[in-house]
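Residue 1 is where the sequence shown starts when you use full-length UniProt numbering, and the numbers rise one by one after that. Beta carbons are placed, not taken as given, at the ideal position from N, Cα and C, and that holds for glycine. Quantities reported herein were computed from a predicted structural model and do not represent experimental measurements. Below is one structure, written out as structure tokens; the observations come after it.
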Amino acid sequence: MPVPRQPRPTTVTSHVWPSGGRHLWPSGGASAAQSHAQGHLVFAVGGVLTVHTERGTSIVPANRVAWTPAGFTHHHRAHGDADMRIVFLTPSLARLVPDRPVVFLASDLAREVLLALTGPRNYGDGAPAYGRAARARLLRVLVDELHEAHEQPLHLPEPRDDRLQAVARLLHEMPADNATLAELGKTVGASPRTLSRLFRHELGMTFYEWRTQLRVYHALVLLADGHDTTRTAAACGWANPSSFITAFTHLVGTTPGRYRSGHRSTGEPSGDDHERRASTRA
């Protein structure tokens, strides 16, 4: 049965100020391509966000933070109704984080600082929530937390080679396709050895690692849109729900059911119920 839903926003509600911003996106909403003189952090309070650059796609589920350095042309897209928070970093702070797009796990402290720096008191009618000195201290705490955080395998790199791009298009269109690298190679006109070398050289991972990340990306989108664990596993190419749960948990840090429960509108069976039944069947 379809997931019951509350009325959904149909337009973007935005609040932007020099050091940050907040955007409430309807599912499927996307920004125009843009770049900034300062690097910025993106945090999803609700929904799933993707940040697309020429380097690839950063996947931003709840409790993850995506970093995009200054000068990178990018655009954002919402999957599920999303509450996106943005914090810009000065060059002196940006030097303390990587010079490439990356996704971090947000610690409890980092999450609270992000919420404080982007909450309504920053753009409401009253006095700003924090003066310049207090904001600078909070930003330093935030960067220190990210500096200590583990980078998350939630940045899906974009291939440059024409043959890899053809493989990527096929799998984006059909993430459940279980074709081997040799079978895909016949379709795009390259040997499996060549494709395997290109995946390692260009993307820094094996074909199977890349395809798993691609499938988890599609799974995050489906879960945010209300699909259950069993259907999502099948749609993304896993042979059974238990293997999907294992792969998803390894990459995202929580089970699909627990993740999905944060996006469910009303009283369906919990994600854990779905996962217990799936594990029993498996």
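Which term fits L117, buried or exposed, when burial requires 16 or more other beta carbons within 10 angstroms of its beta carbon?
L117 is buried by the Cβ-count criterion.
With DSSP run on the structure shown, which of helix, strand or coil describes A224?
DSSP places A224 in helix when its eight states are reduced to three.
Check for me: the beta strand (DSSP E) holding S14 runs from which residue to which?
Taken as a continuous stretch (DSSP letters only), the beta strand (DSSP E) holding S14 covers T13 to W17.
Excluding five sequence neighbours on each side, which residues of the same chain lie with their C-beta closer than 7 angstroms to the C-beta of P2?
Only weak support exists for where P2 lies, its pLDDT of 36 falling under 50; the value from the coordinates is given anyway. Result list for P2: empty, nothing under 7 angstroms.
Once you ignore the five residues that flank S107 on each side, which residues in its own chain have a CB closer than 7 angstroms to its CB?
Taken in chain order, the residues that qualify are E145 and A149.
Quickly, what does DSSP pair L24 with across the bridge? List them, please.
Paired residues: T13 and D83.
Cβ distance (whole Å) where G46 is taken to contact H79 below 8 angstroms
Contact between G46 and H79 does not hold, since the beta-carbon distance rounds to 11 angstroms and is not under 8 angstroms.
CB of Q36 within 9 angstroms of CB of W67, strictly:
The sequence given here places His at residue 36; Gln does not occur at that position. Cβ atoms of H36 and W67: not closer than 9 angstroms.
H218 versus P18 - alpha carbon distance
A direct Cα-to-Cα measurement between H218 and P18 gives close to 33 angstroms.
Straight-line CA distance for A32 to F207?
Computed Cα separation, rounded: 31 angstroms.
Rounding to the nearest angstrom, what Cα-Cα distance links A129 and R200 in this structure?
Taking the straight line joining both Cα atoms gives about 47 angstroms.
Assuming P157 is part of the beta strand (DSSP E), what are its boundary residues?
Where P157 is concerned, the enclosing beta strand (DSSP E) stretches over H155 to P157.
Classification of H250 by the beta-carbon crowding that lies within 10 angstroms, buried from 16 upward
With fewer than 16 other Cβ atoms inside 10 Å of its own Cβ, H250 counts as exposed.
If we count the other Cβ atoms within 10 Å of its Cβ and call it buried at 16 or more, is G20 buried or exposed?
In the assembly as shown, G20 is a buried residue. Its beta-carbon has 16 or more other beta-carbons within 10 Å.
Whole angstroms are fine: how far does the CA of D162 sit from the CA of L96?
Computed Cα separation, rounded: 34 angstroms.
Considering only residues of the region 113 to 175, which uninterrupted alpha helix (DSSP H) runs meet the minimum length of 4 residues and lie entirely inside it, listed in chain order?
Within the region 113 to 175, the runs of alpha helix (DSSP H) that reach at least 4 residues and sit entirely inside it are, in chain order, 132 to 148 and 162 to 173.
For R77, the three-state DSSP class (helix, strand or coil):
R77 falls in the strand class under three-state DSSP.
Which of the three DSSP states is assigned to A44 in this structure?
Reduced to three states, the DSSP call for A44 is strand.
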